[in-house]
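First the structure, in the form of structure tokens, and then the observations on it.
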Amino acid sequence: MIKTFTEKNPNIKVEYRPIALDNGNQQSAYPKMLAAAQAGTLGDLHAWDPSHWQMYQAAKRKVIAPVDELIARDKYDLGQFYKPFIDYQKWQGKTWGLPSWGWTGQDGFLYNTQILEAAGSTMPDPKSPDWTMAKLYEIAVKVGKYM
157 MIKTFTEKNP NIKVEYRPIA LDNGNQQSAY PKMLAAAQAG TLGDLHAWDP SHWQMYQAAK
217 RKVIAPVDEL IARDKYDLGQ FYKPFIDYQK WQGKTWGLPS WGWTGQDGFL YNTQILEAAG
277 STMPDPKSPD WTMAKLYEIA VKVGKYM
């Protein structure tokens, strides 16, 4: 991909700097990326996966910028993606990235609303930066008593 890009754009230098994953765990990359952003060494192009809520955290911390102006400027056709995958890239009315995958059912949750209500809990907005794995665990513990 880099070779094809640089052949078409010889004025742009691309440096590939992969981030090492701990035991192949994608989640281990995000703290490293946030630390690199804090240090001012994070590159210009990187992947923040909305299915792991990290994209919303990065947006909240102003590590990434919305891409709406770039989409409009380049007349980029978002119609090539299924609408739910584009919607997944949005937070607070702005688009923060473009889909790079699209597996139906990826990282989805099915839950019984009656049990959730009986446990005195609700599911947070999935796009909220406050929606964390710790929050999911907290809800699961409450709901587990009713199953």
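Mapping to our numbering: the sequence shown position 137 is 293, numbers consecutive. Glycine included, every Cβ here is placed at the ideal spot set by N, Cα and C.
When you compare each of the options to residue i by their alpha carbons, which one comes out closest?
{"i": "residue 243", "options": "185, 224 and 276", "result": "224"}
{"i": "residue 174", "options": "266, 168, 186 and 254", "result": "186"}
{"i": "residue 226", "options": "219, 254 and 211", "result": "254"}
{"i": "residue 183", "options": "210, 284 and 222", "result": "210"}
{"i": "residue 247", "options": "271, 281 and 231", "result": "281"}
What separation, rounded to the nearest whole angstrom, lies between the Cα atoms of residue i and residue j?
{"i": "residue 217", "j": "residue 295", "result": "25 Å"}
{"i": "residue 302", "j": "residue 291", "result": "18 Å"}
{"i": "residue 162", "j": "residue 299", "result": "52 Å"}
{"i": "residue 238", "j": "residue 245", "result": "12 Å"}
{"i": "residue 276", "j": "residue 249", "result": "30 Å"}
{"i": "residue 171", "j": "residue 203", "result": "15 Å"}
{"i": "residue 168", "j": "residue 201", "result": "13 Å"}
{"i": "residue 177", "j": "residue 190", "result": "14 Å"}
{"i": "residue 293", "j": "residue 160", "result": "44 Å"}
{"i": "residue 181", "j": "residue 231", "result": "35 Å"}
{"i": "residue 287", "j": "residue 266", "result": "16 Å"}
{"i": "residue 234", "j": "residue 215", "result": "20 Å"}
{"i": "residue 229", "j": "residue 297", "result": "47 Å"}
{"i": "residue 219", "j": "residue 196", "result": "10 Å"}
{"i": "residue 188", "j": "residue 194", "result": "10 Å"}
Identify, in the order they occur along the chain, each residue of the same chain with its Cβ nearer than 8 Å to the Cβ of residue i, setting aside the five sequence neighbours on each side.
{"i": "residue 269", "result": "none"}
Taking the continuous alpha helix (DSSP H) assigned at residue i, which residues delimit it?
{"i": "residue 187", "result": "185 to 195"}
{"i": "residue 304", "result": "Nothing about residue 304 can be reported from this structure: the residues present for the chain run from 157 to 303 only."}
{"i": "residue 308", "result": "The question about residue 308 has no answer, for the chain in this structure spans 157 to 303."}
{"i": "residue 228", "result": "224 to 229"}
{"i": "residue 273", "result": "269 to 274"}
{"i": "residue 164", "result": "158 to 164"}
By Cβ distance, which residues of its chain are closer than 7 Å to residue i, with the 5 residues on each side in sequence left out?
{"i": "residue 199", "result": "173"}
{"i": "residue 278", "result": "272"}
{"i": "residue 251", "result": "222, 223, 224, 227 and 245"}
{"i": "residue 192", "result": "198"}
{"i": "residue 151", "result": "Nothing about residue 151 can be reported from this structure: the residues present for the chain run from 157 to 303 only."}
{"i": "residue 158", "result": "170 and 172"}
{"i": "residue 165", "result": "none"}
Spatial neighbours of residue i within its chain, please: C-beta separation below 6 Å, excluding the five flanking residues on both sides.
{"i": "residue 236", "result": "none"}
{"i": "residue 274", "result": "302"}
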